[in-house]
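Asker: Okay, handing you the structure first.
Residue numbers (the working numbering): 29 to 349.
What follows is the structure in structure tokens.
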């Protein structure tokens, strides 16, 4: 019965695009076709510009690649030796991989929490709300390519960063470290506060990465019918009860969208140490086979995290029609 269900689902997916059947004429099929038109430019772009390089990269990961000037490159099959080198021989790859995965988990949770709280605040009626929304979306524009380039290549920015660090060190007080040490001495769980202070130290990155998530949550909040809150108010529900009984359940399906987006965004950050290592091995050491293997391992880990988070969130969250 279960196999039949999957078979029928796949068959219905094709019937959506084939005229002359009952599925084609449904509202759901019409919406699916409209959505397909919207993502068609991406599909075409992927097939033209990305599909071939991905296949070539996967082939390179199982070969030793030697550049031949004027002729391209030559492949020598080495099996899974490149993957063994990445996981068992390279002294940095595994260490950086573990560090980035841990940081990704912390930043993803913090980004979802921050973006949801900010979206709830921006959904309220207050003076200057439009300006506040623009300010919180500004990091999306700044982090679109210009600002990361300034941060990594601009000498003036490096000079100002060094000056700021010198001023901070001259003060002799690191508030984050001092407060953390105080809590540890007082007997409070160190591992818990280590995670909390990691989030605090990464607040700049978290805010910079929250713009899109805020918009997604805000769109979900605005789609909630005011009549639900009116009915809750008539029944005597407090604002806190309305939040947990109406606001959060109605918006919770968007957690999956934002979680997937946040994980992908983190794995593709410009300052990601694993990406920097792969870049150095590719363009400085010219070891294309090893760098390709590292890239595919990294890609597989990203897919695994997306799958795990999707499974957990889909089990914990219910969709509302």
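Beta carbons: idealized from backbone N, C-alpha and C, even for Gly.
I'd like the list of long-range same chain contacts for residue 188, defined as Cβ closer than 8 Å, with 5 residues on each side in sequence excluded.
Answerer: With a pLDDT of 45 at residue 188, under the threshold of 50, the modelled position of this residue cannot be trusted; read the value that follows with caution. No residues qualify anywhere along the chain.
Asker: In whole angstroms, what is the alpha-carbon distance linking residue 60 and residue 101?
Answerer: In a straight line, the C-alpha of residue 60 is about 43 Å away from that of residue 101.
Asker: Let me check understanding here. Comparing Cα to Cα, which of 78, 95, 149, 291 lies closest to residue 134?
Answerer: The candidate whose alpha carbon is nearest that of residue 134 is 291.
Asker: Could you tell me the distance, in whole angstroms, from the CA atom of residue 58 to the CA atom of residue 90?
Answerer: Cα to Cα, the separation comes out at about 44 Å.
Asker: Who are the Cβ neighbours of residue 120 in its own chain at under 7 Å, not counting the five residues just before and after it?
Answerer: Excluding positions up to five away in sequence, the list reads 305.
Asker: By the 10 Å Cβ neighbour count, where 16 or more other Cβ atoms means buried, how is residue 45 classified, buried or exposed?
Answerer: With fewer than 16 Cβ atoms within 10 Å of its Cβ, residue 45 is classed as exposed.
Asker: State the Cα-Cα distance for the pair residue 108 and residue 84, rounded to the nearest angstrom.
Answerer: Rounded to whole angstroms, residue 108 to residue 84 spans 16 Å at the Cα level.
Asker: Go ahead and label residue 42 buried or exposed: buried means 16 or more other beta carbons lie within 10 angstroms of its beta carbon, across all protein chains shown.
Answerer: Residue 42 comes out exposed.
Asker: What separation, rounded to the nearest whole angstrom, lies between the Cα atoms of residue 358 and residue 94?
Answerer: Here the chain has residues from 29 to 349 only, and residue 358 is not among them.
Asker: Pick helix, strand or coil for residue 52, following the three-state DSSP scheme.
Answerer: It is coil, neither helix nor strand.
Asker: If you draw a straight line from the C-alpha of residue 282 to the C-alpha of residue 141, how long is it?
Answerer: Going by the C-alpha atoms only, they are around 13 Å apart.
Asker: Return yes when the Cβ of residue 146 is within less than 8 Å of the Cβ of residue 252, no when it is not.
Answerer: It is not a contact, given that the beta carbons lie outside the stated cut-off.
Asker: Take residue 162 as the anchor and find which of 246, 63, 233 has the nearest alpha-carbon.
Answerer: Considering only alpha carbons, the answer is 246.
Asker: Just grab the DSSP bridge partners of residue 361 for me.
Answerer: In the structure displayed, the chain extends from 29 to 349; residue 361 sits before or after that span and is not available.
Asker: Are residue 88 and residue 248 closer than 8 Å when you measure CB to CB?
Answerer: Taking 8 Å as the Cβ cut-off, residue 88 and residue 248 do not qualify as a contacting pair.
Asker: Compute the Euclidean distance between the alpha carbons of residue 68 and residue 335, then round it to the nearest angstrom.
Answerer: Whole-angstrom Cα-Cα distance: 24 Å.
Asker: In angstroms with no decimal places, state the Cα-to-Cα distance between residue 327 and residue 39.
Answerer: Distance between the alpha carbons of residue 327 and residue 39 is about 30 Å.
Asker: Which one of 303, 320, 139, 159 has the shortest CA to CA distance from residue 285?
Answerer: Checking every option, the nearest Cα to that of residue 285 belongs to 139.
Asker: Nearest by alpha-carbon distance to residue 114: which of 342, 64, 324 is it?
Answerer: The option with the nearest alpha carbon to residue 114 is 324.
Asker: Would you say residue 119 faces chain C, with C-beta separation under 8 Å as the test?
Answerer: Here chain C cannot be found, since the structure has a single protein chain.
Asker: For residue 300, I'd like the list of residues in its chain whose CB is within less than 7 Å of its CB, leaving aside the five on either flank, ordered along the chain.
Answerer: These residues qualify, in order along the chain: 128.
Asker: If we count the other Cβ atoms within 10 Å of its Cβ and call it buried at 16 or more, is residue 62 buried or exposed?
Answerer: When all chains shown are included, residue 62 counts as exposed.
Asker: Is it buried or exposed for residue 237, if we count other Cβ within 10 angstroms and need 16 for buried?
Answerer: Residue 237 is buried by the Cβ-count criterion.
Asker: Can you tell me whether residue 322 is buried or exposed? The criterion is at least 16 other CB atoms within 10 Å of its CB, across all chains shown.
Answerer: Label assigned to residue 322: buried.
Asker: Can you list the alpha helix (DSSP H) stretches of 4 or more residues lying completely in the region 291 to 331, in chain order?
Answerer: The region 291 to 331 contains these whole alpha helix (DSSP H) runs: 301 to 311.
Asker: Determine whether the beta carbon atoms of residue 295 and residue 330 lie at a separation below 8 Å.
Answerer: Cβ distance < 8 Å, so residue 295 and residue 330 count as in contact.
Asker: Ignore the nearest five residues each way along the sequence and tell me which others in residue 319's own chain have a CB closer than 7 Å to its CB.
Answerer: Contacts found: 306, 309, 310.
Asker: If you reduce the DSSP assignment to three classes, tell me which class residue 69 lands in.
Answerer: Three-state result, residue 69: helix.
Asker: Look at residue 287 and residue 342 and say whether their C-beta atoms are less than 8 Å apart.
Answerer: Not closer than 8 Å, so no.
Asker: Quick check on residue 110: buried or exposed, where buried means 16 or more other Cβ atoms within 10 Å of its Cβ?
Answerer: Its Cβ being crowded by 16 or more others within 10 Å, residue 110 is buried.
Asker: Between which two residues does the alpha helix (DSSP H) carrying residue 134 extend?
Answerer: Unbroken alpha helix (DSSP H) run through residue 134: 121 to 150.
Asker: Answer with buried or exposed for residue 74, where buried requires no fewer than 16 other C-beta atoms within 10 angstroms of its C-beta.
Answerer: By the neighbour-count rule (16 or more Cβ atoms within 10 Å), residue 74 is not buried but exposed.
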